[in-house]
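A.B. asks:
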Amino acid sequence: MWAHKLQGWKARVLSQAGHTVLIKRVTTAMPFYDMSSFLLPKSSCSDLDRMFKDFCWGFDPNKTRNFTPKAWAAICHPKEKGGLELHLMFDSNLALITKMGWNLYAQPNSPWVHALKAKYTNDRQLHCASARTSSS
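Set out below in structure tokens:
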């Protein structure tokens, strides 16, 4: 889904810093919208991480095995720990979903919280609600 964006940028000659900025500011912003509302499967998050890693190192996406001088998880560490401050997608997904859950309780009078309660709870606490078979 997001791979076509990276293919256009691969054609251009970019420095390592250019690759890092594109990953940090542009490519991770695309899945973050979906990740703020839905818990993506771990396999999808791993695929995104692999796609970003291949782009960062300049690898051919069709090649299955590549040598990387540093592990992707280490690259995602803060700069103080030798990383580039990139985000692991599954960790980011959990953080965004947790933030949405926190906002349900921190902002009980928000219109979107009222809409969720009206649709799913029948005047019960939102955390006690169970999904109906017809719910979207």
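For the sequence shown, the residue numbers in the numbering used here are 180 to 315.
Backbone N, C-alpha and C fix where the C-beta goes; we use that ideal spot for every residue, glycine too.
(1) On the three-pair Cβ rule with 8 Å, is the region 243 to 256 touching the region 204 to 213?
(2) Per DSSP, what kind of secondary structure is Glu264 in: helix, strand or coil?
(3) Near Met268, which residues of its chain fall below 7 Å by C-beta distance, leaving aside the five closest residues on each side in sequence?
(4) At which residues does the alpha helix (DSSP H) containing Arg204 begin and terminate?
(5) To the nearest angstrom, how far is it from the Cα of Arg204 to the Cα of Gly197?
(6) Quick check: the Cα distance between Gln286 and Pro257, rounded to an integer number of angstroms?
(7) Take the Cβ of Phe231 as the centre, count every other Cβ of all protein chains shown within 10 Å, and call the residue buried at 16 or more, exposed below.
(8) Buried or exposed for Leu201, please, with buried defined as at least 16 other CB atoms from any protein chain shown within 10 angstroms of its CB.
(9) Between which two residues does the alpha helix (DSSP H) carrying His293 extend?
(10) When you compare only the Cα positions, how much space is there between Thr199 and Asn272?
(11) Between which residues of its own chain and Lys221 is the CB-CB distance below 8 Å, once the five residues before and five after are set aside?
C.D. replies: In short:
(1) no
(2) coil
(3) Correct list, in chain order: Pro210, Cys224, Leu227 and Asp228.
(4) First-last for Arg204: undefined, no H or E at that position.
(5) One C-alpha to the other measures close to 11 Å.
(6) 31 Å
(7) buried
(8) Burial call: buried.
(9) First-last of the alpha helix (DSSP H) with His293: Pro290 to Tyr299.
(10) 20 Å
(11) Phe269
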